[in-house]
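Just so we're aligned: the sequence shown equals residues 233 to 517 in this note's numbering. Backbone N, C-alpha and C fix where the C-beta goes; we use that ideal spot for every residue, glycine too. A short write-up of the structure that comes next.
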Amino acid sequence: MDRLTGGIEIGGTKTVVLIARGRTIVELRRIATTTPAATLAACRAAFAEWARHGPLAALGIGSFGPLDIAGGRITNTPKPGWAGTEVVAAFADLGVPVAFDTDVNAAALAEHRWGASKGTAVSVYLTIGTGIGAGIVVGGRPLHGLVHPEVGHIGVASGDGFAGICPFHGDCLEGLASGPAIAARTGQDAASLDANHPVWPVVAGEIAAVLTMLLLTVSPERIIIGGGVGHGQPQLLPLIRADVARRLNAYVAPVTPDTLRTILCAPGLGDLSGPLGAIALAAPE
Ligand code: ADP
Ligand code: ZN
Numbered sequence: 233m234d235r236l237t238g239g240i241e242i243g244g245t246k247t248v249v250l251i252a253r254g255r256t257i258v259e260l261r262r263i264a265t266t267t268p269a270a271t272l273a274a275c276r277a278a279f280a281e282w283a284r285h286g287p288l289a290a291l292g293i294g295s296f297g298p299l300d301i302a303g304g305r306i307t308n309t310p311k312p313g314w315a316g317t318e319v320v321a322a323f324a325d326l327g328v329p330v331a332f333d334t335d336v337n338a339a340a341l342a343e344h345r346w347g348a349s350k351g352t353a354v355s356v357y358l359t360i361g362t363g364i365g366a367g368i369v370v371g372g373r374p375l376h377g378l379v380h381p382e383v384g385h386i387g388v389a390s391g392d393g394f395a396g397i398c399p400f401h402g403d404c405l406e407g408l409a410s411g412p413a414i415a416a417r418t419g420q421d422a423a424s425l426d427a428n429h430p431v432w433p434v435v436a437g438e439i440a441a442v443l444t445m446l447l448l449t450v451s452p453e454r455i456i457i458g459g460g461v462g463h464g465q466p467q468l469l470p471l472i473r474a475d476v477a478r479r480l481n482a483y484v485a486p487v488t489p490d491t492l493r494t495i496l497c498a499p500g501l502g503d504l505s506g507p508l509g510a511i512a513l514a515a516p517e
């Protein structure tokens, strides 16, 4: 039987804590992301309750960033109270190895191991939610370099002149196309907008600009699009595919309107890519 591993996905609004054997989830709990102390304590309490299933062999944590991955901490997030949070140290007394990475690198890893990117050499997982971020897996490992990919903060041309809301950059992709940015553009919660609202083709074009850059730089065989906005607005994917095809103009031979239906796709693991990503981090292959 597979070892029991723990996972935590720390999101901007909610945190998911779980234990699993292999990719089979044994327990899972969603908690609100409040202060760092209260949120991390609720995770520890869940593991304590679940001790009846046996001891954990390892823990994986995927978190919103930006992160100091080697240092186990969140760095300069604009999320109130969270800048500088020591995440890994909060679980030191469990006495198990703790793997730490971005929520999207974790999700990309789970999709590569068990989901829609299985068998690929290079794959991307892009979330469009409260923020926008992407994880990149190369050769079965999440990509780290100077720090980690920060795809959501690439600057793009606004499709309608909207100035954007990113506190660092204004009109980066996150500043234009995240859930809160769409709400600022339309004056309505993104979740309440009609599928044929005129904002969607504009947002799809901005997302397509960044996906085109990714196709031209890291050459992924899959780009998976998840997150609350990605999931909740299924009409976006076809709009994005059409815009990417138009931008590439048949230059990258394997990318055609037909293959784009596979290359740009929904998560194979549904809304579990992030939580299972934390589990995948805990149990490297
Ligand atoms: P988080 O980013 O905190 O991990 P989500 O990925 O669920 O959480 O993203 C939350 C964002 O997604 C919010 O801005 C919300 O308005 C937006 N959202 C949630 N559901 C939908 C939907 N059906 N359509 C469009 N936007 C949605
Ligand atoms: Zn930005």
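Would you identify the three-state DSSP class for F323, choosing helix, strand or coil?
-> Reading the sequence shown from its first residue, position 91 is the one you call residue 323. If DSSP states are grouped into helix, strand and coil, F323 belongs with the helices.
Between the region 245-261 and the region 492-511, are three or more C-beta pairs nearer than 8 Å?
-> Taking 8 Å as the limit for Cβ pairs, the verdict is that the region 492-511 does touch the region 245-261.
Out of P381, G372, G316, A270, point me to the one whose CA is closest to T449's CA.
-> Against the sequence shown, residue 449 aligns to sequence position 217. Among P381, G372, G316, A270, the Cα nearest to that of T449 belongs to P381.
Span of the beta strand (DSSP E) around E241 | Reading the sequence shown from its first residue, position 9 is the one you call residue 241. Where E241 is concerned, the enclosing beta strand (DSSP E) stretches over 236-242.
Let me know if L358 comes out buried or exposed under the rule of 16 or more other beta-carbons within 10 Å of its beta-carbon.
-> Indexing the sequence shown from 1 puts residue 358 at position 126. When all chains shown are included, L358 counts as buried.
Let me know the secondary structure DSSP gives S295 once reduced to three states.
-> Walking along the sequence shown from the start, residue 295 turns up at place 63. Reduced to three states, the DSSP call for S295 is strand.
Just the C-alpha distance for A302 and G292, rounded to the nearest angstrom, thanks.
-> Reading the sequence shown from its first residue, position 70 is the one you call residue 302. Reading the sequence shown from its first residue, position 60 is the one you call residue 292. Taking the straight line from one Cα to the other gives about 14 Å.
Starting from V369, follow its DSSP beta bridges and name the residues at the other end.
-> Here residue 369 refers to the residue found at position 137 when the sequence shown is read from its first residue. DSSP lists S355, P374 as partners of V369.
Nearest to P499 by CA position, among E241, A264, S295, W346, is which residue?
-> Position 267 of the sequence shown, counted from the start, is the residue given in the question as residue 499. Looking from the CA of P499, the closest CA among E241, A264, S295, W346 belongs to W346.
For the ligand ZN, is there a heavy atom less than 7 Å away from the beta-carbon of F296?
-> In the sequence shown, the residue the question calls residue 296 occupies position 64. The answer is no for F296.
Is H401 near the ligand ZN, with its Cβ less than 7 Å from a heavy atom?
-> By one-based count along the sequence shown, residue 401 stands at place 169. Yes, the ligand ZN has a heavy atom inside 7 Å of this Cβ.
Unbroken alpha helix (DSSP H) runs of length 4 or more, entirely within the region 438-487: which are they?
-> 459-464, 468-480
Select from S424, A423, T418, M445 the residue whose C-alpha is nearest the C-alpha of V434.
-> Along the sequence shown, one-based indexing puts residue 434 at 202. Comparing Cα positions, the closest option is T418.
Straight-line gap, Q420 to V461 (C-alpha atoms, nearest Å) = Counted from its first residue, the sequence shown places residue 420 at position 188. Counted from its first residue, the sequence shown places residue 461 at position 229. For Q420 and V461, the distance between alpha carbons rounds to 13 Å.
If you count every other CB in all the chains shown that lies within 10 Å of the CB of G407, and 16 or more means buried, which is it?
-> As a working note, residue 407 is residue 175 in the sequence shown. So G407 ends up on the buried side.
Expressed to the nearest angstrom, what Euclidean distance is found between the alpha-carbon atoms of I263 and G244?
-> On the sequence shown, residue 263 is found 31 positions in, with the first residue counted as 1. On the sequence shown, residue 244 is found 12 positions in, with the first residue counted as 1. If I take the Cα positions, the gap works out to 11 Å.
Nearest residue (CA-CA) to L496, options A339, L468, P287 = Here residue 496 refers to the residue found at position 264 when the sequence shown is read from its first residue. Checked all of A339, L468, P287; the closest Cα to L496 is L468.
Among D300, G391, G254, which one has its Cα closest to the Cα of A342?
-> Taking the sequence shown and counting its residues from 1, the one referred to as residue 342 is at position 110. When only C-alpha atoms are compared, the closest one is G254.
Under the three-state reduction of DSSP, which class applies to G304: helix, strand or coil?
-> Numbered from 1 along the sequence shown, position 72 holds the residue referred to as residue 304. G304: coil per DSSP, three-state reduction.
With burial defined as no fewer than 16 other Cβ atoms inside 10 Å of the residue's Cβ, what is the status of S410: buried or exposed?
-> Position 178 of the sequence shown, counting from 1, holds the residue named residue 410. Buried.
Whole angstroms is fine: what's the gap from R276's alpha carbon to A270's?
-> In the sequence shown, the residue the question calls residue 276 occupies position 44. In the sequence shown, the residue the question calls residue 270 occupies position 38. C-alpha separation (whole angstroms): 10 Å.
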